[in-house]
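A.B. asks: Here it is: the structure, laid out below.
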Amino acid sequence: MRLHRLDITAFGPFGGTQKVDFDALSAAGLFLLHGPTGAGKTSVLDAVCYALYGAVPGARQSGQGTTLRSDHAAPGTRTEVRLELTVARRRLEITRQPPWERAKKRGSGTTTDKAQTWLREYDSAARAWKDLSRSHQEIGEEITQLLGMSREQFCQVVLLPQGDFARFLRADAEARGKLLGRLFDTHRFAEAEKRLAERRRTTEAEVRNGDAELLADAHRMQQAAGDSLPLPDLAPGDPGLAEAVLGWAAVARSTARERLAVARCARTAAESARAAAVRALEDVRELARLQRRFAEARERAALLEQRADAHREAQARMERARKAEAVAPALDLRESAEAEHRRAADAEARVRARLPETYADAGAAGLASAARRAAEELGGLQSARRAERRLGELLAERAEMDRQERDDEEVLQDAEGWLAEWEETRAALQERIDSAQEAATRAEQLAVQREPARKRLKAARERDRLAQDTEAAQARALASRERALKAHERWLDLKEQRLKGIAAELAAGLVDGEPCAVCGATDHPAPARKAAGHVDREAEERALAAHRRAEEERAEDERRLASVREALAAAIAEAGDAPTGELAAQADELERLHSAARAGASRLHPAQEELRRAEQERERRSAARQEAALRVAARVSRREGLERERAALEEELGRARGDAVSVAARAAQLERRAALLTEAADAARAAEDSAQRLKEADARLADAAFRAGFDTPGAAASALLDDTAHRELQRRLDAWQQEEAAVRAMLAEAGTAAAAQQPPADLPGAEQAAEAAARRLQAAVSAEDEAARRCAELDRLSARATASVRRLAPLRDEYDRVARLASLAAGTSAENERRMRLESYVLAARLEQVAAAATVRLQRMSSGRYTLVHSDDRSGRGRSGLGLHVVDAWTGRERDTATLSGGETFFASLALALGLADVVTDEAGGVRLDTLFIDEGFGSLDDQTLDEVLDVLDSLRERDRSVGIVSHVADLRRRIHAQLEVVKGRTGSLVRQRGVG
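Set out below in structure tokens:
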């Protein structure tokens, strides 16, 4: 990095614009920046730092930059710093303006303008400056990337503050660590220490949680084992917890299995005892059963002896019943004959009760003869029946004639009345027809006028609508033309911007060793870079596509506008200039008149139809009147013939019905008499036949009873049993025989008889013994189940604990590794003998590099007497790693840098600053620092030492560096010819350059 020019306006103590030509100052290699105290020497360095990073060093930075403005500046002059420099073979110009509170251009009061920043690059080919960016963030990132240093590093490396390094020499390890940490950016190593510590805490918590779960399983196993074994006295996280728990679980499982074996033996003994008790109970129950069986047999035998007489009587009754079964058919026959005789006698009595008294004593033959006589008399009434039916027909016909006469009379009266009004009705209907015909003629005329009016109204409405559409289409066409114009301008602007930045776009495709597509060179020393807001090909193509779409939309909108205008002209030609409302009123009036005419015309056909129906009705009523008159004349002659035939029939019927109401009544009377007499004759004959059959049945019954051994038929009947009584008696006899056989068999059983000879069985005692054995077995089974459950639960929990231990093993290993690494990184491990933290270790390496680089210049400044060395010894109880000692070649002793004198401290700190600059430069990627500033400290040196220090600084020119010394020592103004003097005054400070060409 080389500074070329610095322009300062209204900055710090400088009220106006001051220019510093670093190229002229750097030509001598060594230049002096001097001036009175408070003149603004440090402000020149602040301006350089502000131009690069937008902030001044250290505590001088305050607020947002508003304190940087000079109090001597004119109200209208804005604070500005412009720096021109070369870095990474690129010549840049940075301009920064801090926020500025100025008077409002209109009205009273003040307003604040925002801070502004510009970055430009000099194009050697075009010999012109080109803008790169105006973004604070982009410019800051670009400068930091090019320099490879933060603001803090730049202030320590380029603006060498001697006071800070003097304090660095006398500081303790902690203070040195803070300064080196800022310079070398070692916070990532501190972050690594923090991450390791967090990881150690996390894994330790996970291990403790796992141990807590393991102890919880151990407590569950203790509960399952019966709380007989005490648990190991360990807490989560204690070493050996897993092994102790697993060992305790093994002992608990062994004890539980021993208890299970004892419980199984006890169960086997209890099962044997219960089986013996069950067998003894079964034997006692069998003895008691046999004894009860024998006693029951004796009781049943005694009961049979008591009922022996009844059994013999039942046997005799069954024998009589078997004999009576031979008489049963004769008894059934006699009962059937007797029942038949009773039915016949009852039927005869009922029929005779309905006969007249004259036939009360008549026999069957007499009754049959009377029935024949009644049937003969009934046959003589057939002719009278026919006459009676004819008389009824005559009366019905006469009634029908009367009804027809009344109907014809009504027809004649109705026809006469309707025909009397015919002429008036016909005239009214003809008038309606004429009126409807006139309305139809008017409707045809109005229809011819209505259609043109409709078309004209439709054209007028279309004209109004197209007028609105034309206005909208004109607006759309105008808007689309504006959009197309803007899209075209946008495309042209982007195309121009792309052409301006095409070099950066082409440079993006350059490859080292391959020819450039523009110039053909294979070496690309300074390829162009894309500026902020660079327009690429894709953005240009999108703009072009947007321009084409806008043109297409404009053409489409103009085409639509022409089409709408053409349609509007056609509508105006058809509708004319008449208002739409007036045309609508005319069309509505024509429509109303046409509708009224059509409504009147629609009544023509109904009126014609009604007239046609009226004429048909007149013809029908005239014909009906004539027909009714003819029917009346025909009925007069018919009525006379019917009257003569009725008189003859009534005379014949009077003779035939006698005292009856009618011939039919007389015939019904004779029919009932003949039927009753016939029924009585049949009943009399049936009674006589049934009496004869009953007599024959009595004879057969008496003979059958004698042969069966009964004295009378009644005795045989009483001995006979019905089916139910016979089955019941047979059941009783069979039950007696079965009971007798069963008792005899039971008494004959040897086992039963032998059991009866033994003492009575003690069944309650045997049952109590069996129940006691069952309870003992149940207790043994429960104990075995409990022991088995405990074993299973212990096995399950032990397997779970073993799995937990296995699962925790990798986590324990990880915790051990992480804890060891965290302790090493934190410097608390016993293995870390010097108790150096990781960040301190890295900083110690950097400090060792800085001491080595500083020693090269310190030996020249001290004529080979002093050497800076890094020390990693511990200081008291603190940690080691950042110690810094000086070796005195004259005494051969190594001592602390805090023991150096004021002059020795100055050139030691200067050497340290220069060495630090070299190391930080290498750390920053090897960016060459061609301009350095050294601030104060030269007044503490004697002449010889000052000459040696200046020789060292002058040697920096050998590598094309320029060094600016900031000091107010008068002797330096004599020794250094190139000077930048800062002169202070009441209106602000000024800068003057001396000893330059």
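Read left to right, the sequence shown gives residues 317 to 1313 (the numbering used here). For each residue, glycine too, the CB sits at the ideal point set by N, CA and C.
With a threshold of 8 Å, are at least 3 pairs of Cβ atoms found where one atom belongs to the region 533-541 and the other to the region 1098-1116?
C.D. replies: Touching, yes, given that three or more Cβ pairs across the two stretches are closer than 8 Å.
A.B. asks: Taking contact to mean at least 3 C-beta pairs separated by less than 8 Å, is the region 766-777 in contact with the region 896-903?
C.D. replies: Output reads yes: the region 896-903 touches the region 766-777.
A.B. asks: Since I believe D1014 is in contact with R650 (beta carbons under 8 Å), could you give me their beta-carbon distance rounded to a whole number of angstroms?
C.D. replies: At roughly 6 Å, the Cβ-Cβ gap stays under 8 Å, so R650 and D1014 are in contact.
A.B. asks: Among all the DSSP beta bridges, which residues are the ones paired with H265?
C.D. replies: Nothing about residue 265 can be reported from this structure: the residues present for the chain run from 317 to 1313 only.
A.B. asks: Excluding five sequence neighbours on each side, which residues of the same chain lie with their C-beta closer than 8 Å to the C-beta of R590?
C.D. replies: Excluding residues within five positions, the ones whose Cβ falls inside 8 Å are A1086, A1089, A1090, R1092 and L1093.
A.B. asks: Taking R1105 as part of the alpha helix (DSSP H), name the residues at either end of that continuous run.
C.D. replies: Element bounds for R1105: L1079 to A1142.
A.B. asks: The alpha helix (DSSP H) that contains E890, what's its start and end?
C.D. replies: Where E890 is concerned, the enclosing alpha helix (DSSP H) stretches over R853 to A891.
A.B. asks: Checking the sheet assignment: what are the DSSP bridge partners for T426?
C.D. replies: Answer by DSSP bridge pairing, in chain order: A419.
A.B. asks: Considering V336, what are the terminal residues of the alpha helix (DSSP H) in which it resides?
C.D. replies: Premise fails: V336 lies in the beta strand (DSSP E), F330 to D337, not in any alpha helix (DSSP H).
A.B. asks: Just to check my reading of the structure: E417 and T411 have Cβ atoms closer than 8 Å, yes? What is that Cβ distance to the nearest angstrom?
C.D. replies: About 20 Å separates the two Cβ atoms, so there is no contact after all.
A.B. asks: Residues in the same chain with beta-carbon distance under 7 Å from E587, minus the five sequence neighbours each way, listed in chain order, please.
C.D. replies: Around E587: L1093.
A.B. asks: According to DSSP, G1280 sits in a beta bridge with which residue or residues?
C.D. replies: For G1280, which the question treats as bridged, DSSP gives the partners F347 and F1249.
A.B. asks: Can you check which of these residues, R1123, A1069, P1080 and L349, is closest to A593 by C-alpha distance?
C.D. replies: For A593, the nearest C-alpha among the options comes from P1080.
A.B. asks: May I have the straight-line CA-CA distance separating R1310 from D439, to the nearest angstrom?
C.D. replies: Cα to Cα, the separation comes out at about 31 Å.
A.B. asks: At a cut of 8 Å, does the region 451-458 reach the region 332-351 through at least three beta carbon pairs?
C.D. replies: Touching, no.
A.B. asks: Would you identify the three-state DSSP class for V1299, choosing helix, strand or coil?
C.D. replies: Three-state DSSP puts V1299 in a strand.
A.B. asks: Looking at the secondary structure, which residues open and close the alpha helix (DSSP H) in which R511 lies?
C.D. replies: H503 to A541 is the span of the alpha helix (DSSP H), which, as asked, contains R511.
A.B. asks: What do you reckon, are the CB atoms on A1135 and R318 nearer than 8 Å?
C.D. replies: No, they are not a contact pair.
A.B. asks: Quick check: what's the CA-CA separation for E764 versus A793?
C.D. replies: Contrary to the premise, residue 764 reads as Val rather than Glu in this sequence. Approximately 43 Å between the Cα atoms of the pair.
A.B. asks: Is the beta carbon of G1099 sitting closer than 8 Å to the one on A572?
C.D. replies: Note on residue identity: the sequence assigns Ala, not Gly, to residue 1099. No. Outside cutoff.
A.B. asks: CA-CA distance, L1049 and E635?
C.D. replies: In a straight line, the C-alpha of L1049 is about 12 Å away from that of E635.
A.B. asks: Tell me where the alpha helix (DSSP H) around H1201 begins and ends.
C.D. replies: That residue, H1201, is in no alpha helix (DSSP H); its beta strand (DSSP E) goes G1199 to D1204.
A.B. asks: Would you mind sorting A1003 into buried or exposed? The rule is 16 or more other CB atoms within 10 Å of its CB.
C.D. replies: With 16 or more other Cβ atoms within 10 Å, it is buried.
A.B. asks: Can you give the Cα-Cα distance for Q1084 and R628, rounded to whole angstroms?
C.D. replies: Taking the straight line from one Cα to the other gives about 50 Å.
A.B. asks: When the Cα of A859 is compared with those of R806, R714 and L993, which residue comes out closest?
C.D. replies: Comparing Cα positions, the closest option is R806.
A.B. asks: Can you find the residues in the same chain that come closer than 7 Å, C-beta to C-beta, to A604, ignoring five residues on each side of it along the sequence?
C.D. replies: Counting only Cβ-Cβ distances below 7 Å, and skipping sequence neighbours, we find A1077 and L1079.
A.B. asks: How far does the alpha helix (DSSP H) with D439 in it reach, from first residue to last?
C.D. replies: Run containing D439: none in the alpha helix (DSSP H); it sits in the beta strand (DSSP E), Q432 to D439.
A.B. asks: Select from A769, L1184 and L1232 the residue whose C-alpha is nearest the C-alpha of A1214.
C.D. replies: Among A769, L1184 and L1232, the Cα nearest to that of A1214 is on L1184.
A.B. asks: What is the rounded straight-line gap between the Cα of E926 and the Cα of Q729?
C.D. replies: So the alpha carbons of these two residues sit roughly 23 Å apart.
A.B. asks: Let me check understanding here. Comparing Cα to Cα, which of P548, N525, I1292 and R524 lies closest to H535?
C.D. replies: Checked all of P548, N525, I1292 and R524; the closest Cα to H535 is P548.
A.B. asks: Evaluate P391 with the Cβ neighbour count: other Cβ atoms within 10 Å of its Cβ, from every protein chain shown; 16 or more gives buried, anything less gives exposed.
C.D. replies: Classification of P391: exposed, given that the 10 Å Cβ count is below 16.
A.B. asks: Taking contact to mean 3 or more Cβ pairs, one atom from each stretch, closer than 8 Å, check whether the region 944-953 and the region 723-739 are in contact.
C.D. replies: With the cut-off at 8 Å, the region 944-953 and the region 723-739 touch.
A.B. asks: Can you tell me whether H657 is buried or exposed? The criterion is at least 16 other CB atoms within 10 Å of its CB, across all chains shown.
C.D. replies: It counts as buried.
A.B. asks: Do the region 431-447 and the region 401-411 touch if we need at least three Cβ pairs shorter than 8 Å?
C.D. replies: Yes: the two stretches touch, three or more of their Cβ pairs being nearer than 8 Å.
A.B. asks: Based on the DSSP secondary-structure assignment, which residues constitute the bridge partners of L1306?
C.D. replies: BP columns for L1306 point to V1299.
A.B. asks: Using only the alpha-carbon positions, how far apart do V397 and G328 sit?
C.D. replies: Their Cα atoms are separated by approximately 11 Å.
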